[in-house]
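Asks: Quick one: this structure, given as structure tokens, is what I'll be asking you about.
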Amino acid sequence: MFWPVNLASIPSPSTAVWQLGPVPLRAYALCIIAGIVLACIVTDRRMRSRGAPPWAVLDIAVWAVPFGIVGARIYHVITSPDAYFGAGGDLVKALYIWEGGLGIWGGVAGGAVGAWLACRQLGMSFSFVADCIAVGLPLAQAVGRLGNWFNNELYGGKTDLPWGLQVHVMSDTQPGQAMLGPDGEPELREGLYHPTFLYELVWNLGVAGVVYALDKRFKFGRGRAFALYVMLYTLGRGWIEAMRTDTATMIGGMRLNVWTSIIVFLGAAAYFFLRKGTQEFLIPDIDADGEPAKGFTSVTEAQYQAFLADGTRPDAAAAGDGDGDGDGDGDGTPRAVTDEFDDPSDEGSDLSAQKTTSTKD
1 MFWPVNLASI PSPSTAVWQL GPVPLRAYAL CIIAGIVLAC IVTDRRMRSR GAPPWAVLDI
61 AVWAVPFGIV GARIYHVITS PDAYFGAGGD LVKALYIWEG GLGIWGGVAG GAVGAWLACR
121 QLGMSFSFVA DCIAVGLPLA QAVGRLGNWF NNELYGGKTD LPWGLQVHVM SDTQPGQAML
181 GPDGEPELRE GLYHPTFLYE LVWNLGVAGV VYALDKRFKF GRGRAFALYV MLYTLGRGWI
241 EAMRTDTATM IGGMRLNVWT SIIVFLGAAA YFFLRKGTQE FLIPDIDADG EPAKGFTSVT
301 EAQYQAFLAD GTRPDAAAAG DGDGDGDGDG DGTPRAVTDE FDDPSDEGSD LSAQKTTSTK
361 D
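Here the sequence shown is numbered in the UniProt record's numbering, starting from 1 and rising by one per residue.
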């Protein structure tokens, strides 16, 4: 139930866990799952519009999601050691993911490892996948932040702003439930607090919109759309992180995640401005006899459109990023092929039956 709403504030749920018979339904986990589903849907549309078959995003998610969750939890545990290794800490609770505590940087790193392994299996360019997920990932993060709202966690300092957040005192003995006061009603902390989870949620939605718009306009390739996402996200995460009041490792008077945001931003900015390359598209590989083979070749949009139009296929030496830097570029000499290429956006495309191995990354 909700505490009676002050019209000049944002209420918080008093319950984050519901029982379906013997099965607990945890809001935090449901938000993460919903975010993953949304990211897969958005990424699938972007991948298919650039030549990938409909099944590809699921094959990648099977690897990236578990690696990402494990990486996110490991990062949280390492950067919040007192709760698990310090006096009174409980190392077993490092396994209690449903109670909250996932670090985005560990999630991105772990998910990237999983996606890279999937790309190796599929024969698909890793940078192609990274650029395609650059819109879906911040959307997933936005949905996932709702889990912090249900858990009454990760809020900032006190405020008298009209969007101040009511925060419940959560029970230690009944996880996911607010403590009850003498009157039997859920107990609230005194005052209102900055809803930092909401600030990050809104920021992530903005990041997704900006990346989508700029990528559509400038057609970033070779991982630059993903680098743009990282740059924009870290810009917001830095100042939002500084507002939070939960326990964190401090270095030089700043929270560890603020330092991490600064370092990651600089790395992403360097990559974005130094790396060149046009937007990547995929065409399925064939063997020496012209039969479908495992793998995809990354090509430019013009080469992809030519392939869709009449089956013109670039030679292996001609395929690449098209930026002239020698990374997979060739002389651009095309050759005709006789096998028919169906639009990958068609659910019935023959591409759905093809698997992949070779990659240009």
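Yeah, the Cβ is synthetic: ideal placement off N, Cα and C, and Gly gets one too. Note that the structure is predicted; figures quoted are calculated from it, not measured.
#1: K216 by DSSP, collapsed to three states: which one?
#2: In this structure, how does DSSP classify K276 when only helix, strand and coil are distinguished?
#3: DSSP has I283 in a bridge; who is on the other side?
#4: Give me whichever residues DSSP pairs with K158 in a beta bridge.
#5: Let me make sure I understand the geometry here. Which of L232, L228, G252 and S261 has the alpha-carbon closest to that of E241?
#6: For P24, which beta-bridge partners are listed by DSSP?
#7: Report the CB separation of V167 from L201 in whole angstroms; it is logged as a contact under 8 Å.
#8: If we ignore side chains and look at the alpha-carbon of each, how far apart do V210 and V70 end up?
#9: Could you name the residues of the same chain whose beta carbon sits closer than 7 Å to that of L214, not counting the 5 residues immediately before and after it, in chain order?
#10: Using beta-carbon positions only, say whether G111 and F150 come within less than 8 Å of one another.
#11: Can you tell me which of L198, A288, L137 and V135 puts its alpha carbon nearest to the alpha carbon of R145?
#12: Tell me H168's beta-bridge partners as DSSP assigns them.
#13: According to DSSP, simplified to helix, strand and coil, what is L180?
#14: Hey, out of W239, R237, A208 and A34, whose CA is closest to residue 363's CA?
#15: Return the chain-ordered list of same chain residues with a C-beta closer than 6 Å to the C-beta of residue 363, the five sequence neighbours on each side being excluded.
#16: Residue 375 to K276, Cα distance in whole Å?
#17: Secondary structure at S49, three-state DSSP: helix, strand or coil?
#18: Tell me the rounded alpha-carbon separation between V108 and D183.
#19: Have a look at A83 and D90 and give me their C-alpha separation to the nearest angstrom.
#20: If we ignore side chains and look at the alpha-carbon of each, how far apart do A16 and V77 end up?
#21: Can you look up F243 in the DSSP assignment and give me helix, strand or coil?
#22: Just curious, the alpha helix (DSSP H) that T173 is in, first and last residue?
#23: Is it buried or exposed for Y155, if we count other Cβ within 10 angstroms and need 16 for buried?
#24: Can you confirm whether the region 255-275 touches the region 228-239 when touching is taken to mean that 3 or more C-beta pairs between the two stretches lie within less than 8 Å?
#25: Starting from the C-beta of R222, find all residues in its chain whose C-beta is less than 6 Å away, skip the five residues before and the five after it, and write them out in chain order.
#26: Is the beta carbon of S80 closer than 8 Å to that of G101?
Replies: Considering the structure as presented:
#1: helix
#2: coil
#3: T297
#4: Y193
#5: Ranking L232, L228, G252 and S261 by Cα distance to E241 puts S261 first.
#6: Q19
#7: Incorrect: roughly 16 Å between the Cβ atoms, too far for contact.
#8: 29 Å
#9: L228
#10: Between G111 and F150, the gap from beta carbon to beta carbon reaches 8 Å or more.
#11: Closest option to R145, Cα to Cα, is L198.
#12: L188
#13: strand
#14: No answer is possible for residue 363: it lies beyond the span of the chain, which begins at 1 and ends at 361.
#15: Within the shown structure, residues of the chain are numbered from 1 to 361, placing residue 363 beyond reach of any answer.
#16: Because the chain is modelled from 1 through 361, residue 375 falls outside the range shown and cannot be assessed.
#17: coil
#18: 45 Å
#19: 7 Å
#20: One C-alpha to the other measures close to 22 Å.
#21: One point to set straight first is that residue 243 is Met, not Phe, in the sequence displayed. Looking at M243 - three-state DSSP - the assignment turns out to be helix.
#22: Where T173 is concerned, there is no enclosing alpha helix (DSSP H), given that its DSSP letter is neither H nor E.
#23: By the beta-carbon neighbour count (other beta carbons within 10 angstroms, threshold 16), Y155 is buried.
#24: yes
#25: S127, R275, G277 and D321
#26: It is a contact, given that the beta carbons lie within the stated cut-off.
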